[in-house]
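**Student:**
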Amino acid sequence: MDIPQVLILSAVEGITEFLPISSTAHLILTSHVLAIPSSEFLSTFEISIQLGAIGAVCTVYGNKIFQDKKILGKALVGFIPTGILGLTLYKGIKGLLADPIVPVIALFVGGVAIIGIEHYFKRTAARVRQTKEQSKTLSLMTYKDSLLIGLMQSVSMIPGVSRSAASIFGGMALKFDRQAAVDFSFMLAIPTMALATGYELLKTGFNYSSYELLLLLIGIIASY
Numbered sequence: 229m230d231i232p233q234v235l236i237l238s239a240v241e242g243i244t245e246f247l248p249i250s251s252t253a254h255l256i257l258t259s260h261v262l263a264i265p266s267s268e269f270l271s272t273f274e275i276s277i278q279l280g281a282i283g284a285v286c287t288v289y290g291n292k293i294f295q296d297k298k299i300l301g302k303a304l305v306g307f308i309p310t311g312i313l314g315l316t317l318y319k320g321i322k323g324l325l326a327d328p329i330v331p332v333i334a335l336f337v338g339g340v341a342i343i344g345i346e347h348y349f350k351r352t353a354a355r356v357r358q359t360k361e362q363s364k365t366l367s368l369m370t371y372k373d374s375l376l377i378g379l380m381q382s383v384s385m386i387p388g389v390s391r392s393a394a395s396i397f398g399g400m401a402l403k404f405d406r407q408a409a410v411d412f413s414f415m416l417a418i419p420t421m422a423l424a425t426g427y428e429l430l431k432t433g434f435n436y437s438s439y440e441l442l443l444l445l446i447g448i449i450a451s452y
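Residue numbers (my numbering): 229 to 452.
(1) Take Ser374 as the anchor and find which of Leu257, Lys298, Val240 has the nearest alpha-carbon.
(2) Does Phe397 come out as helix, strand or coil in the three-state DSSP assignment?
(3) Would you mind sorting Ala408 into buried or exposed? The rule is 16 or more other CB atoms within 10 Å of its CB.
(4) Could you check whether Leu279 and Ile448 sit closer than 8 Å to each other, using their CB atoms as the reference points?
(5) What first and last residue would you give for the alpha helix (DSSP H) that runs through Ile243?
(6) With the cut-off set at 8 Å, would you say Gly399 and Phe412 are in Cβ contact?
(7) What are the partner residues of Phe404, as DSSP defines its beta bridges?
(8) With DSSP collapsed to three states, give me the class of Ala417.
(9) Out of Ala393, Lys319, Leu368, Thr310, point me to the one whose CA is closest to Leu335's CA.
(10) State the Cα-Cα distance for the pair Met229 and Ile264, rounded to the nearest angstrom.
(11) Go through its chain and collect everything with a Cβ distance to Ser382's Cβ below 6 Å, but skip five positions before and after it.
(12) For Ile451, which three-state DSSP category applies?
(13) Applying the 10 Å Cβ sphere with the 16-neighbour rule, what's the burial state of Thr365?
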């Protein structure tokens with residue numbers, strides 16, 4: 229891997245992380261298009277450059293999180309299902325990162341699912357307006373709600389399944405308005421991506437050359 233390839237992958241990560249499309253899948257497919265050989269470092273890189281995205285989330289949502297400490301607590305609770313499943317299925321997930329077929333299938337299925345779910349929520353919103361039923365805002369979220377949204381997020385451990393889409397649709401299924409679901413999805417990304425990156429680096433033990441560590445640093449900064 230060279231610096232131009234790192235910059236391309238970082239741009240893909242920065243653009244796709246907060247859209248309801250899987251950033252991991254796009255990184256896997258882009259690395260294949262760029263003919264980057266599969267390796268332990270590439271898998272670590274694809275996970276670790278999410279630190280840049282975390283920095284962007286903290287920049288945008290930092291004030292809101294620190295103004296309401298309970299939100300951070302709920303985000304940590306929401307991370308629990310993903311954390312447990314991630315620790316349990318770590319080796320299997322790492323193996324899937326090297327296979328482009330899985331994300332391609334997941335992207336296709338996910339795209340169809342997004343269209344169907346969005347259509348369903350539009351119909352639901354129309355009924356809500358007719359009955360004058362109020363959607364829930366972020367201030368009404370309970371720890372149980374955050375845990376259920378986190379459970380939905382854990383589906384995104386399958387490469388090609390969007391983390392943000394899974395958690396946003398989870399929030400909307402619990403009758404939160406779209407803005408609240410989007411906001412909590414981004415806040416939930418902070419512990420999820422930070423701890424996933426930290427765990428990955430601990431597992432690999434930083435056993436990389438100084439050049440590879442430089443590429444990792446460039447990738448994190450560029451994805452911000």
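Where a beta carbon is used, it is the ideal one built from N, C-alpha and C, also for glycine.
**Tutor:** A quick look at the data gives this:
(1) Lys298
(2) helix
(3) buried
(4) yes
(5) 231-244
(6) yes
(7) Lys364
(8) helix
(9) Ala393
(10) 6 Å
(11) Pro309, Thr310, Leu313
(12) Contrary to the premise, residue 451 reads as Ser rather than Ile in this sequence. Reduced to three states, the DSSP call for Ser451 is helix.
(13) exposed
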